[in-house]
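Start counting the sequence shown at 95; every next residue gets the next number (this note's numbering). All C-beta atoms in this analysis are idealised placements derived from N, C-alpha and C, irrespective of residue type, glycine included. All of these numbers come straight from a predicted model, not from anything done at the bench. First the structure, in the form of structure tokens, and then the observations on it.
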Amino acid sequence: MLREVTSNDGFILCALTSLTLLLIVKLMHSRRLIDFLRFLGNSNYLRIYLKDHSFFDRFDVLLFINFCLNSVAFGFIVQRAQTRNIEMSSTAVFICIGLLALAICLKIGFELLIGYAFDLYKQMNILTFQQISSLNFIGILLLPINLILVFQFNFEKSAVILCAISMLVVLGFGMAKTVQSNLSLVLSNFLYFILYICTLEIGPLVVLYDLINGSNYL
């Protein structure tokens with residue numbers, strides 16, 4: 095009996111595109127990229143570049159595209175670990191990238207709108223900058239992780255789950271840095287902060303978990 099072989103060309107193409115994006119960032123923003131790679135362990139990046147921050151500048155746009163690309167690739171890895179025969183079509187990849195980017199942009203736009211409404215625009219601008227930085231950092235981490243899951247662990251379910259948990263830990267650490275840098279604001283508006291966490295941070299993760307759990311992956 096011949097076993098069906100599923101191509102990994104889609105993952106290779108995603109990795110090459112991601113490497114190209116990172117190379118462009120390196121050539122255009124070498125110093126900032128070096129500072130950015132120390133993002134988790136050093137708050138200097140946030141302090142230095144926040145003052146020049148605009149809503150998705152060129153540096154953030156390139157890294158955000160990289161995040162969406164690698165996140166979608168990771169999503170296909172999750173599905174491949176479950177079904178073992180799913181193919182990465184270019185149409186599906188582009189649609190998923192577009193939907194993910196749209197959802198995040200709408201979320202950030204809503205947060206900035208809340209800032210305008212409650213006279214907290216400066217604080218919300220800091221929050222969105224830190225959130226974008228956390229996502230972009232995860233996008234860089236996902237490049238080697240995806241390659242390892244595909245070519246080293248061959249879509250092993252336990253390895254995929256472990257990597258997913260690791261990414262959630264990184265995201266949580268970024269949120270902790272955000273809370274720490276805005277501690278006085280959080281304490282003075284604690285109830286609003288809890289509401290924000292439940293609706294705009296934990297809510298999307300719960301929906302994602304339900305989608306994965308509904309497909310009998312966990």
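- Contact between Gln225 and Asn276 does not hold, since their C-beta atoms are separated by about 12 Å, which reaches or exceeds 8 Å.
- In the assembly as shown, Asn240 is a buried residue. Its beta-carbon has 16 or more other beta-carbons within 10 Å.
- The shortest CA-to-CA distance from Phe158 to any of Leu144, Gly297 and Ser228 is the one to Ser228.
- The straight-line gap separating the alpha-carbon atoms of Met261 and Ile232 is approximately 7 Å.
- When rounded, the separation of the alpha-carbon atoms in Phe212 and Val172 is 40 Å.
- By a beta-carbon distance limit of 8 Å, Val187 does not contact Val155. Their separation comes to about 19 Å.
- In this structure, the alpha-carbon of Met122 lies about 16 Å from that of Asn230.
- Gly104 carries a helical assignment under DSSP once its states are collapsed to helix, strand and coil.
- Between the alpha carbons of Phe150 and Phe105 lies a distance of about 26 Å.
- Membership of Phe150 in any alpha helix (DSSP H) is not indicated, and neither H nor E is assigned to it by DSSP.
- Between Leu237 and Ser112, the C-beta spacing is below 8 Å.
- The beta-carbon distance between Ile142 and Asp129, rounded to whole angstroms, is 7 Å. This is short enough to meet the 8 Å contact definition.
- Distances from the alpha-carbon of Asn283 to those of Ile255, Val254 and Gly209 put Gly209 closest.
- Following the DSSP letters along the chain, one finds Glu205 inside the alpha helix (DSSP H) bounded by residues Ser184 to Ala211.
- For Asn230, the uninterrupted alpha helix (DSSP H) run begins and ends at Tyr215 to Phe245, by DSSP.
- In the DSSP annotation of this structure, the continuous segment of the alpha helix (DSSP H) that includes Arg141 starts and ends at Asn138 to Tyr143.
- Secondary structure note for Thr272: its alpha helix (DSSP H) is the uninterrupted segment Lys251 to Ser275.
- Per DSSP, Leu294 lies in no alpha helix (DSSP H) segment and is marked neither H nor E.
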